[in-house]
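So the structure is just underneath, and the comments pick up after that.
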Amino acid sequence: MTELVSLTPQLQTANWGWTIAMFLWLVGLSGMGFFLNFWIRQKNFVYVLTVSGILGTLLVASHLARMLNLPIALFSALSAGSFNTQSWMLIGIVLLSVLCIGAVFYSLICAGILFKGEMWQKMAKSSWFNFIFAALGVLCTIYSGFLLTQAVGIPFWNTALIPLLWIMSGLASAIGCIELLMVFKLINPNTVGWSRRTALWVEIAELFTIFAFLHVALGSVLTGARVGAESLISGPQSTMFWFGVIICGCVTPLLLNLVTKNHKVLACGAVLGIMGALFLRASVLFAGYYDPIVF
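Position 111 of the sequence shown, counted from 1, bears residue number 111 in the UniProt record's numbering, the numbering being contiguous throughout.
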């Protein structure tokens, strides 16, 4: 195993703990859920995605300690015309804000609150309307992964595979959410007959992406990248990674989908898949190590 001397876990420096892990998880669920909603267009699913997106945005805003300062800062930037368009945090806040506002608007249409009438209902069912949300959801999910790739000094995260990994796990958790809603009869089963077959391919793709992510990190010339991968495989984060992500989050839902059609059993697999997406983000987040800066 690579020597850890001179390497610092990111938790000791950046303090990106469970708050950020849950933000990444909730945004991935909401974002990829809106992508899948292009095909199902079910109001109960929209409600879940709206709550998920808002909670995720509130978590990252609270982590930045700007719950009250953020609106004032945005107003000041608007009035002064001093937006820093090169700030990834600003781009992210704008994307997440648009997603939240749009999701609330969508939910109000579905609930028949404020936006009543046949015109609004037709718009909510239209392809162009749902395509906008699908595109916005994918962008927010990609951004949540891209945010990690821009972290200076943590080579384990500096790979384009993280946004792809977030997309795959976001799809898995969104499909799990669909299956749960279907079991509780909150979604019309006729609109999601494809979910079981799609879940199989998504879980396989997620496992392959995890393997590629670790393979690239282990073969890196940078010590921090190798240490991060080893932390997942046999180090401090290995229990969460192997048990929470691989066994419970990927393999078990995959096998359950293959061997049974029992809705209650599939619901258990769906819950495991959703939690696996959270554990994946947490384990990758906690496995980051800073490489020493040499002058």
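Note that beta-carbon positions come from the ideal geometry of N, C-alpha and C, so glycine has one too.
Query	Result
Environment of residue 197 [buried if 16+ CB atoms lie within 10 Å]	exposed
Runs of alpha helix (DSSP H) lying entirely within the segment 159-216, each at least 4 residues, in chain order	161-183
Cβ neighbour criterion (16 or more within 10 Å) applied to residue 130	buried
Own chain partners of residue 30 with C-beta closer than 8 Å, once the 5 adjacent residues on each side are dropped	49, 50, 52, 53, 56, 99, 103, 137, 140
Bridge-paired residues (DSSP) for residue 9	289
Simplified DSSP state of residue 283, which is helix, strand or coil	helix
Local Cβ density within 10 Å of residue 285, reported as buried at 16 or more and exposed below that	buried
At least 3 beta-carbon pairs within less than 8 Å: the segment 180-196 vs the segment 164-171	no
Distance, residue 116 Cα to residue 240 Cα	47 Å
Cβ-based burial, residue 32 [other Cβ within 10 Å; buried from 16]	buried
Beta carbon proximity, residue 262 to chain D, threshold 9 Å	The question asks about chain D, but that chain is absent: this structure has only one protein chain.
Range of the contiguous alpha helix (DSSP H) that encloses residue 28	18-40
Residue 211 versus residue 224 - alpha carbon distance	18 Å
Residue span of the alpha helix (DSSP H) that contains residue 123, given as start and end	118-125
Residue from 185, 151, 213 with nearest C-alpha to residue 291	151
Rounded Cβ spacing between residue 46 and residue 106 (contact assumed at less than 8 Å)	5 Å
The segment 226-243 / the segment 172-185 touching (three or more Cβ pairs under 8 Å)	no
For residue 115, three-class secondary structure by DSSP	coil
Nearest-angstrom beta carbon gap, residue 206 and residue 248 [assumed within contact, 8 Å]	With 8 Å as the limit, residue 248 and residue 206 do not qualify as a contact, their Cβ atoms being about 13 Å apart.
Simplified DSSP state of residue 43, which is helix, strand or coil	helix
Buried versus exposed, by CB contacts within 10 Å (16 or more), residue 352	As displayed, the chain neither begins before 1 nor continues past 295, which places residue 352 out of reach and without an answer.
Endpoints, the alpha helix (DSSP H) within which residue 257 is located	252-259
Residue 162 beta carbon less than 9 Å from that of residue 289	no
Exposed unless 16 or more other CB atoms sit within 10 angstroms - verdict on residue 159	buried
Contact belief for residue 298 with residue 120 at Cβ below 8 Å, rounded distance in angstroms	Residue 298 is absent from the model: the chain starts at 1 and stops at 295.
Element boundaries [alpha helix (DSSP H), containing residue 232]	223-233
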